[in-house]
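So my numbering is basically just the index in the sequence shown, starting at one, shifted up by 36.
We put the beta carbon where it would ideally sit given N, CA and C, even for glycine.
From a predicted model like this one, the values you see are computed outputs, not experimental measurements.
See below for the structure under consideration.
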Amino acid sequence: MIYFDHNATTPLDDRVLDALLPFLTTFYGNPSSLYRHGRIVRSAIDAAREQVAALVGVQSSQVIFTSGGTEANNVALATLAPHSSLAISAIEHPSVTEPALRLKKLGHQLTFIDVDANGYVTQDAVAQVIKEKPALVSIMLANNETGIIQDLARHAQQLRANDIIIHSDAVQASGKIPISFNTLGVHLMSLSSHKIYGPKGCGALIFNKDVEIKPLFLGGGQEQELRAGTENVAAIVGFGKAAELAQAELAEYSKQLLTLRKLLENGLTTIPGLTIFAQQANRLPNTVQFGIPEIDGEMLLMKLDQKGIAVSSGSACASGGSVPSPVLLAMGVEADFAKSAIRISLGKANTETEILEFINLLKTLVYQL
Ligand SMILES: Cc1ncc(COP(=O)(O)O)c(C=O)c1O
37 MIYFDHNATT PLDDRVLDAL LPFLTTFYGN PSSLYRHGRI VRSAIDAARE
87 QVAALVGVQS SQVIFTSGGT EANNVALATL APHSSLAISA IEHPSVTEPA
137 LRLKKLGHQL TFIDVDANGY VTQDAVAQVI KEKPALVSIM LANNETGIIQ
187 DLARHAQQLR ANDIIIHSDA VQASGKIPIS FNTLGVHLMS LSSHKIYGPK
237 GCGALIFNKD VEIKPLFLGG GQEQELRAGT ENVAAIVGFG KAAELAQAEL
287 AEYSKQLLTL RKLLENGLTT IPGLTIFAQQ ANRLPNTVQF GIPEIDGEML
337 LMKLDQKGIA VSSGSACASG GSVPSPVLLA MGVEADFAKS AIRISLGKAN
387 TETEILEFIN LLKTLVYQL
């Protein structure tokens, strides 16, 4: 199989597997237990917390482990003060959009921040939303479909100056571009383990001590009493290792991805009528989303699957339905054209040979379709 869907999930790194396995077998103690067997596990969680904190340049006490990016996003939005309003960008992942819509149903005012044709939240749009005095704004760092990287530091500065809490979903950005929580100037940030070669079902919310976290789960006093429940120890240890590797290998990895992405884009642009969405914009080094007029993205995905190539049509979470991608619609792409979208997201094991094979096959399929 040629796997081109790393924004959906990544394979587990062998080194991550080696690090986490003992915590599924030998070290099964409960980290809250006071005897030695528990303390060993507790210190492994502490070490993982340091590793995740280092990836985004914060102190370990600013990291809450969660069940993934979805939970982190939900907790972030739940910090919204009673009777106050919020604003989110129009291209957020459903794990931000859905809790925001729930808050709206509960009586909070919700504003969607428009994006331009490239998918950027503009400074004007931020200035506009500030006039509505939201208490919280959520703008993702990088988009899962197009790979667009927002000018987050600038937006955060503008928002902070108006006493607005800013949350950013950095699930897709982490491990692909350098991230400094403090330089970006956000209050809350979500991360996910399985997008950086760690295990699934684990993530983190990074928080600034100025923000009051309202736990979604109440119970034991785990995670500074902010996320009750016995810790998913092996996954947390794996996430920590994945974060350490992502940080150590980031420069090399992103260079490798960019070289592959350029090769891919050069090949794609030889296909008549093909458009790479937001091609000139600042995008993640691994992500390319394109459309071909009058070709159904789902159909093309199936044909590629038959040939052993895994890609996504738009967002992974939206595939299966034939609704056009809300991200592309927000960028002003026509609904029919949006339905032709295919996303390629590259990863560690991909090679130039795979890219060339894909381009050749795509040309044949497009001709047939
Ligand atoms: C941008 C973004 N945010 C959040 C999530 C959800 O993360 P998780 O799968 O860890 O719940 C995803 C996963 O696709 C994502 O791409």
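With respect to residue 313, residue 369 sits close: the two C-beta atoms are nearer than 9 Å. Of the other Cβ atoms in all chains shown, fewer than 16 fall within 10 Å of the Cβ of residue 309; this residue is therefore exposed. About 12 Å separates the Cβ atoms of residue 347 and residue 391, ruling out a contact at the 8 Å cut-off. Taking residue 178 as the centre and dropping the five residues before and after it, the same chain places the C-beta of 185, 208, 209, 320 closer than 6 Å to its C-beta, in chain order. Across the set 395, 400, 40, 45, the C-alpha of 45 shows the shortest separation from the C-alpha of residue 211.
One Cα belongs to residue 64, the other to residue 78, and the distance between them is close to 11 Å. Not one heavy atom of ligand 1 sits closer than 8 Å to the Cβ of residue 46.
Taking C-beta atoms as the reference points, residue 270 and residue 236 fail to come closer than 9 Å.
Distances from the CA of residue 367 to each of 403, 126, 80, 200 were compared; the closest alpha carbon is that of 126.
The beta-carbon separation of residue 49 and residue 278, rounded to 6 Å, stays under the 8 Å limit for a contact. The Cβ neighbour count for residue 71, taken over all protein chains shown within 10 Å, is under 16; the residue is labelled exposed. As a beta-bridge residue in DSSP terms, residue 184 pairs with 319. At a threshold of 8 Å, residue 50 does not count as near ligand 1, since its beta carbon sits no closer than that to any of the ligand's heavy atoms. Restricting attention to 345, 343, 342, 349, the CA atom closest to the CA of residue 331 is found in 349.
For residue 132, the shortest separation between its Cβ and any heavy atom of ligand 1 lies below 8 Å.
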